[in-house]
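Protein chains in written order, with our numbering: chain A, 1 to 170; chain B, 1001 to 1170. Reviewing the structure listed below.
This is how it looks when you write it as structure tokens:
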């Protein structure tokens, strides 16, 4: 992934407003990857306290949120029962996340994040700026622009937690 | 402040792209205010561990970042020596922040955040979307759109930390 740029502007291959949104998604992702660079499996699995999520679980959460919003924004649907079961520990975090989201190297999380992001970017490249403003049939209070901003916003919030947790890995 | 909406779209009183950015700034701020609602001065000053920033210090940081970016984006200048001295503990956080940023009630932080935000919104209302894309003379690697997104982005990152810290206030 290239270094983040410090500009938001139309990007080649995307409609103008979508390009600015892609710039935000990219910046958020690059700062997440920077925040976890070089972590070992033990560090990814470390639990700061009994109610803490591991850094690895937070990475799985970031991926699951992006996959969930993919359904809602691009496929106009909520999750299937199978998806719900697969994503539930990562979406909800907490005890189930602590039990299940572990024993994976950094490369696993990075690959999963990259796979989810590729789908998002392919779908965005095929849409126009009018699409970005429409309400979402599967979540009528939201429009697509907010939903995709929220994908970055939730990632940034957890990246703040990851930085805090990483500084205390000892 | 109104409840956050879950739409990003042009807003009355702002150029279209600026309106979407204002929607992001507002959403980030509302979630910060929700994250600190009802906290006492003792809770705002609480230090989770020896290297932690208090929630109050993080609120002061969010305000200082917005005031700093006001200079850089709207006034095309870096900070004066007086501003640098005034904002340094909140911008840098750490030991000086722990020493100086305390003993203030929630209302103080909320008022300061509101004052800084009012200036930002007034300045944005007076500008157009072309302005948003220009490079910043005081920070040439950035354009104004990125700089103001970063104001929200930094706030969201620290709001993630505030939520984590609040959940452990006991």
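We put the beta carbon where it would ideally sit given N, CA and C, even for glycine.
In this structure, DSSP gives residue 1016 (chain B) a helical state, which the three-state scheme calls helix. Straight through space, the alpha carbons of residue 87 (chain A) and residue 1136 (chain B) are spaced by roughly 42 Å.
Contact annotation: residue 1110 (chain B) and residue 1033 (chain B) have beta-carbon atoms nearer than 8 Å.
Contact of residue 1019 (chain B) with chain A is not assigned, every C-beta pair being separated by 8 Å or more. Between residue 1009 (chain B) and residue 133 (chain A), the C-beta spacing is below 8 Å. Taking 8 Å as the CB threshold, residue 46 (chain A) stays off the interface with chain B.
Listed by position along chain B, the residues whose Cβ is nearer than 9 Å to that of residue 153 (chain A) are 1024, 1027, 1028, 1031, 1152, 1153 and 1156. Not flagged as an interface residue toward chain B: residue 131 (chain A), since no C-beta distance is shorter than 8 Å.
Taking 3 residues as the minimum length, the beta strand (DSSP E) runs contained wholly in the region 75–159 of chain A are 139–143, in order along the chain. Interface residue (Cβ-Cβ distance to chain B less than 8 Å): residue 74 (chain A) is not classified as such.
Selection A:45, A:169, A:120 and A:35 evaluated against residue 19 (chain A) yields A:120 as nearest (Cα-Cα). Pairwise C-beta distances place the region 1155–1162 of chain B in contact with the region 1051–1060 of chain B, as three or more of them are shorter than 8 Å. Secondary structure at residue 9 (chain A): coil, using DSSP grouped into helix, strand and coil. Residues of the same chain with a CB within less than 7 Å of the CB of residue 129 (chain A), apart from the 5 flanking positions on each side, are 15, 16, 17 and 18 in chain order. Per the coordinates, the alpha-carbon of residue 67 (chain A) lies some 27 Å from the alpha-carbon of residue 1148 (chain B).
Contact check for residue 35 (chain A) and residue 162 (chain A): beta-carbon distance about 5 Å, within the 8 Å limit, so the pair qualifies. Considering only beta carbons, the part of the region 134–150 of chain A lying closer than 7 Å to chain B consists of 141, 142, 143, 145, 146 and 149, in chain order.
Separation of residue 1103 (chain B) and residue 1043 (chain B) (C-alpha to C-alpha, rounded to the nearest whole angstrom) is 10 Å. In this structure, the alpha-carbon of residue 1070 (chain B) lies about 23 Å from that of residue 31 (chain A). Rounded to whole angstroms, residue 1141 (chain B) and residue 1072 (chain B) show a C-alpha spacing of 12 Å.
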